[in-house]
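All remarks here apply to the structure that follows.
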Amino acid sequence: MTEPQIMMAALPFPNIDPVLFSVGPLSVHWYGIGYVIGILFAWWYGKKLVNNARLWPNNNAPMDPLALDDFVLWAALGVVIGGRLGYVLFYNFGFYISNPLEIPAVWDGGMSFHGGILGTTVAMILFAKKRGIPVWSMFDTIAAGVPIGLGVVRIANFINSELWGRVSDVSWAVYFPNGGPLPRHPSQLYEAALEGFVLFFVLALLIWKGNKLKAPGFIAGAFVAGYGLSRILVEFFREPDAQLGYLVGNWMTMGMVLSVPMVLLGAWAMVRANRAAAKA
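First residue of the sequence shown: 1, per the UniProt record's numbering; consecutive thereafter.
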């Protein structure tokens with residue numbers, strides 16, 4: 001296609017204000033609301049799971065549902081601190097080492113899922129040890145609901161016209177206002193679907209139909225591997241970060257590099273969980 005033909009094939013970008021509402025100098029963004037929705041949904045869904053004793057080994061839930069009320073703050077800190085430090089270390093280290101005062105400025109954007117999951121994992125381990133909760137079951141409880149938050153945040157990325165995809169002539173390509181003169185894959189929506197809603201329903205089937213919470217660690221492993229596979233697939237359509245570009249050839253990105261270990265780790269966790277459950 002020629003450039004004019006590609007332009008005609010593009011869908012118009014929906015002009016949604018990234019700011020949901022403002023109160024004086026305080027602005028509430030869809031992006032921030034996405035994180036709030038994600039944390040609250042994971043909290044609500046986790047309580048739903050631990051309130052159902054039959055889902056767990058020996059029909060005995062691994063924790064008091066009230067423990068999740070206390071974990072919400074731990075989770076929020078793990079997501080924000082880990083997500084920010086992950087972005088600083090993995091995606092834009094050169095800038096932040098020269099401008100260290102910019103590191104806390106999360107309101108200017110720049111969060112890494114891979115860093116967020118590491119931060120949340122540390123928070124879960126510390127919380128579980130403190131409360132005497134089996135660590136693998138703690139992982140399962142939280143992982144089960146996380147995809148919904150991922151999906152909502154990716155939709156917020158689309159509203160913000162950020163993290164868009166590569167130039168494309170598919171009929172559903174979108175002309176992003178800050179994405180250059182050509183239409184691009186709406187890769188944020190691909191991620192919202194795969195990493196978010198599809199992954200959530202796969203995990204729900206494993207929990208409610210496959211009884212996989214009875215194999216502690218399996219759901220957490222399925223989440224980690226499922227996210228890694230989804231992210232690798234979408235990276236073929238997503239524009240790499242400008243400051244990094246492609247790491248190898250015209251295809252390998254930092255997102256892929258960080259996701260491959262997740263697939264391997266998730267697969268190992270699922271195998272380990274099945275073997276441990278069989279012995280038990």
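Glycine is no exception: its CB is placed at the ideal position from the N, C-alpha and C atoms.
This structure is a prediction, so every number in the text was calculated from the model and none was measured.
Integer Cβ distance of residue i from residue j, believed to fall under 8 angstroms
| i | j | result |
| --- | --- | --- |
| tyrosine 175 | proline 183 | 5 angstroms |
| phenylalanine 41 | isoleucine 148 | 5 angstroms |
| phenylalanine 21 | serine 161 | In fact, because the Cβ distance is near 19 angstroms, the residues do not count as touching under 8 angstroms. |
| alanine 277 | lysine 214 | 6 angstroms |
| alanine 144 | leucine 55 | Not confirmed; about 10 angstroms, so no contact. |
| proline 216 | alanine 273 | 6 angstroms |
| valine 152 | isoleucine 37 | 5 angstroms |
Which listed residue (the options) has its alpha carbon closest to that of residue i
| i | options | result |
| --- | --- | --- |
| glycine 226 | Leu203, Gly110, Pro240, Pro134 | Leu203 |
| isoleucine 16 | Ala278, Leu26, Ile159, Ile37 | Ile159 |
| arginine 231 | Lys130, Gly210, Tyr190 | Tyr190 |
| aspartate 140 | Ile103, Tyr87, Pro62 | Pro62 |
| leucine 269 | Ala220, Asn211, Glu162 | A quick correction: the sequence has alanine, not leucine, at residue 269. The shortest C-alpha separation from alanine 269 is found at Ala220. |
| leucine 233 | Arg272, Lys209, Phe201, Gly165 | Gly165 |
| arginine 154 | Leu101, Leu55, Gly34, Leu49 | Gly34 |
| serine 259 | Phe13, Trp172, Phe236 | Phe236 |
| tyrosine 31 | Pro177, Leu68, Ser171, Gln188 | Gln188 |
| isoleucine 125 | Ser98, Ala75, Val146 | Ala75 |
| tryptophan 44 | Asp64, Ile97, Asp69, Ala123 | Asp69 |
| proline 18 | Val146, Asp108, Arg238 | Asp108 |
| asparagine 51 | Leu66, Gly38, Ile39 | Leu66 |
| valine 198 | Gly180, Met138, Val271, Ala222 | Ala222 |
| leucine 179 | Arg238, Val146, Met252, Met256 | Sequence check: residue 179 is glycine here, not leucine. Among Arg238, Val146, Met252, Met256, the Cα nearest to that of glycine 179 belongs to Arg238. |
| isoleucine 142 | Asn99, Phe200, Pro100 | Phe200 |
| leucine 11 | Ala192, Val271, Pro177 | Pro177 |
| threonine 121 | Ile97, Val146, Pro100, Leu89 | Val146 |
Chain-order list of residues whose beta-carbon lies under 8 angstroms from that of residue i (same chain, five-residue window excluded)
| i | result |
| --- | --- |
| tyrosine 91 | Gly110, Ser112, Asp241, Gln243, Leu244, Met254 |
| asparagine 59 | Ala53 |
| alanine 280 | Pro57 |
| phenylalanine 95 | Glu102, Gln243 |
| alanine 105 | none |
| leucine 252 | According to the sequence displayed, residue 252 carries methionine and not leucine. Counting only Cβ-Cβ distances below 8 angstroms, and skipping sequence neighbours, we find Tyr246. |
Close Cβ partners of residue i (< 7 angstroms) along its chain, the five nearest in sequence each way excluded
| i | result |
| --- | --- |
| leucine 229 | Val263 |
| leucine 265 | Val224 |
| isoleucine 6 | Annotation note: pLDDT 49 at isoleucine 6 (below 50); position unreliable, no value reported. |
| alanine 123 | Trp74, Ala75, Leu77, Gly78 |
| lysine 212 | Leu206, Phe218, Ile219 |
| glycine 86 | Ser112, His114, Gly115, Gly116, Leu118 |
| methionine 256 | Ile232, Glu235 |
Check: residue i C-beta below 7 angstroms from any heavy atom of the ligand MN
| i | result |
| --- | --- |
| proline 183 | In the structure on display, the ligand MN does not appear, and there are no ligands present to speak of. |
Beta bridge counterpart(s) of residue i as assigned by DSSP
| i | result |
| --- | --- |
| glycine 226 | Per DSSP, none; premise fails for glycine 226. |
| methionine 252 | Val248 |
| leucine 26 | Val23 |
| valine 174 | Leu11, Arg184 |
| glycine 165 | Arg238 |
Minimum Cβ-Cβ distance from residue i to chain C less than 8 angstroms
| i | result |
| --- | --- |
| aspartate 108 | Any reference to chain C falls outside this structure, which holds one protein chain only. |
Chain-order list of residues whose beta-carbon lies under 6 angstroms from that of residue i (same chain, five-residue window excluded)
| i | result |
| --- | --- |
| glutamate 195 | Leu150, Tyr227, Ser230 |
| asparagine 157 | Leu163, Gln188 |
| alanine 128 | Val135, Met138 |
| valine 167 | Leu182, Arg184 |
**Request:** Examine the Cβ distances between the segment 72-86 and the segment 108-116 and report whether three or more of them are shorter than 8 angstroms.
**Result:** Yes, since at least three Cβ pairs between the segment 72-86 and the segment 108-116 fall closer than 8 angstroms, the two stretches touch.
**Request:** Could you tell me whether the segment 130-137 touches the segment 11-27, where touching means 3 or more Cβ pairs closer than 8 angstroms?
**Result:** These segments do not touch.
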